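To start, the structure under review is shown below, and the notes come after it.
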Amino acid sequence: MVAIKGQDIDRFLKAPDRAAVLLYGPDAGLVSERADLLSRYFAGSENSGFAVDRLEGDEIAGDPARLADELGGAGLFAEKKVIRLRLGSRNVLAQIEAAVENGLEYGWLIIEAGDLKPSSPVRRLAERHAAMAALPAYADTAQTLARLIDEEMRAAGLELDRDARAMLTGLLGADRRASRNELQKLALYGEGKGRITVDDVMAITADAAALETDSIADNVGTGDIAGVEHDIRQAIAEDRAPQQLVGAIGRHFARLIEARGAIDRGMTAESAMKRLRPPVFFKREPAFRRQLTLWTLGDLQTAVARIRERDLEVRQKPALAEALLRALALELALRARRQAGSARG
886 MVAIKGQDID RFLKAPDRAA VLLYGPDAGL VSERADLLSR YFAGSENSGF
936 AVDRLEGDEI AGDPARLADE LGGAGLFAEK KVIRLRLGSR NVLAQIEAAV
986 ENGLEYGWLI IEAGDLKPSS PVRRLAERHA AMAALPAYAD TAQTLARLID
1036 EEMRAAGLEL DRDARAMLTG LLGADRRASR NELQKLALYG EGKGRITVDD
1086 VMAITADAAA LETDSIADNV GTGDIAGVEH DIRQAIAEDR APQQLVGAIG
1136 RHFARLIEAR GAIDRGMTAE SAMKRLRPPV FFKREPAFRR QLTLWTLGDL
1186 QTAVARIRER DLEVRQKPAL AEALLRALAL ELALRARRQA GSARG
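Under the working numbering, the sequence shown has 949 at position 64, and the numbering climbs by one with no breaks.
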């Protein structure tokens, strides 16, 4: 009966003491990584006599006893079983309750889900039942991303230049598995070099999160409404969480505030962009420079306040998250377009 958060999550994953675990949150890669960790912990080696089976929630929704039956008896050769259940669109609360109430005598249950609000029946069950635990998976913070970067670089015997680290921190973070894959690819590229530079990062990192979201942010900031609609549609189709995209727009406007403030204090646009950490990616410099001419510091501060309001709404109303994201992006893009028209006039 526990909702596990923060540093307690890592401790739990090293020695889980619940037979059923709910993994949920907007970072699908982190949910999947943690499910892999728990599967390996419960199942042990390939010869340990434990089987790992995968089930889809929608697949078992029409059979109330299916999940309990799967966990209530071992396979022909396996002594116990680990079930990985991925939730879909159909309600399987009764199936999960039945399996947990049976005592999970012959196995463990790992439930994988997307972002669940506090009122979600499955989340409430996992947080309240004595045999269950609930672990949220949110996008990496600067601190957790720094740990991930250190972990992968240390394993590869590599060091990072300060600017390379800053660039990586800005490029990665929306999806843990994608971020780890990019770091491992960078480590292979840098094998034998000893030290990774910004040039190495630019040469290898496909930008697991930021290149996609940067396009949305730049189109918002320059008033390209058609570009905004296209990029959001594509990002949603690729399962990017609206909350992540709102956050990316917010971070972008915060960087614009930092650069615009430096310009107002007498710095050139070029110098203001170069002092940002991570620095503006060279392919984005024209769009970023254009935005610095369109937005005043006051306008940017007003925009950030609006973004924060929408971010809170998206968290509180997940069912409306996509619509709220679109409304915010179009509102800001229209404001930028009006400011561009005023500048031409």
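Idealized CB from N, CA, C, for every residue including glycine.
None of the values given here were measured: they were computed from a predicted structure.
Quiz item: For GLY1075 and chain B, any beta-carbon pair shorter than 8 Å?
Solution: Absent from the structure is chain B; it holds one protein chain and no more.
Quiz item: How would you call THR1107, buried or exposed, if buried means at least 16 neighbouring beta carbons within 10 angstroms?
Solution: The residue labelled residue 1107 in the question sits at position 222 within the sequence shown. Around the Cβ of THR1107, a 10 Å sphere holds 16 or more other Cβ atoms; the residue is buried.
Exercise. Look up LEU961 in the DSSP assignment and say whether it is helix, strand or coil.
Key: Here the question's residue 961 lines up with position 76 in the sequence shown. Low confidence applies here, because LEU961 scores a pLDDT of 49, under 50, leaving its location unreliable; read the following figure in that light. Under the three-state reduction of DSSP, LEU961 is assigned to coil, being neither helix nor strand.
Quiz item: Count the other CB atoms within 10 Å of the CB of ALA1190; is the residue buried (16 or more) or exposed (fewer)?
Solution: Numbered from its first residue, the sequence shown carries residue 1190 at position 305. Here ALA1190 is exposed: its Cβ has fewer than 16 other Cβ atoms, across all protein chains shown, within 10 Å.
Quiz item: DSSP three-state call for TYR991: helix, strand or coil?
Solution: Within the sequence shown, the letter at position 106 stands for residue 991. Of the three classes helix, strand and coil, the one that applies to TYR991 here is coil, per DSSP.
Self-check item: Other residues of its chain near PRO1163: CB distance less than 6 Å, five sequence neighbours each side excluded
Solution: Position 278 of the sequence shown, counted from the start, is the residue given in the question as residue 1163. These residues qualify, in order along the chain: ALA1051, MET1052, GLY1055.
Practice problem: Identify whether ASP938 lies in helix, strand or coil by the three-state DSSP scheme. | Solution: Along the sequence shown, one-based indexing puts residue 938 at 53. Secondary structure at ASP938: strand, using DSSP grouped into helix, strand and coil.
Practice problem: Compute the Euclidean distance between the alpha carbons of GLU1076 and ALA1019, then round it to the nearest angstrom. | Solution: Locating residue 1076 in the sequence shown gives position 191, counting from the first residue. Locating residue 1019 in the sequence shown gives position 134, counting from the first residue. When rounded, the separation of the alpha-carbon atoms in GLU1076 and ALA1019 is 39 Å.
Exercise. Go ahead and pull the three-state DSSP assignment for VAL1105.
Key: Counting from one through the sequence shown, the residue named residue 1105 turns up at place 220. In the structure shown, VAL1105 sits in a helix (DSSP, three-state: H, G or I).
Quiz item: What number of angstroms, rounded off, separates the C-alpha of LEU1043 from the C-alpha of HIS1115?
Solution: Position 158 of the sequence shown, counted from the first residue, corresponds to residue 1043. Position 230 of the sequence shown, counted from the first residue, corresponds to residue 1115. The straight-line gap from Cα to Cα measures roughly 39 Å.
Quiz item: Can you give the beta carbon distance from VAL937 to VAL977, rounded, assuming they're within the 8 Å contact cut?
Solution: Along the sequence shown, one-based indexing puts residue 937 at 52. Along the sequence shown, one-based indexing puts residue 977 at 92. In fact, because the Cβ distance is near 19 Å, the residues do not count as touching under 8 Å.
Quiz item: Hey, ALA913 and GLY999: beta-carbon distance below 8 Å or not?
Solution: Taking the first residue of the sequence shown as position 1, residue 913 is located at position 28. Taking the first residue of the sequence shown as position 1, residue 999 is located at position 114. Yes.
Self-check item: Nearest-angstrom Cα separation, counted from LEU1182 out to ARG919
Solution: On the sequence shown, residue 919 is found 34 positions in, with the first residue counted as 1. On the sequence shown, residue 1182 is found 297 positions in, with the first residue counted as 1. Whole-angstrom Cα-Cα distance: 42 Å.
Practice problem: Would you grab the beta carbon distance between VAL985 and ILE996 for me? Rounded to a whole angstrom, and I think it's under 8 Å. | Solution: Indexing the sequence shown from 1 puts residue 985 at position 100. Indexing the sequence shown from 1 puts residue 996 at position 111. Contact between VAL985 and ILE996 is absent: CB atoms are separated by about 10 Å, not below the 8 Å threshold.
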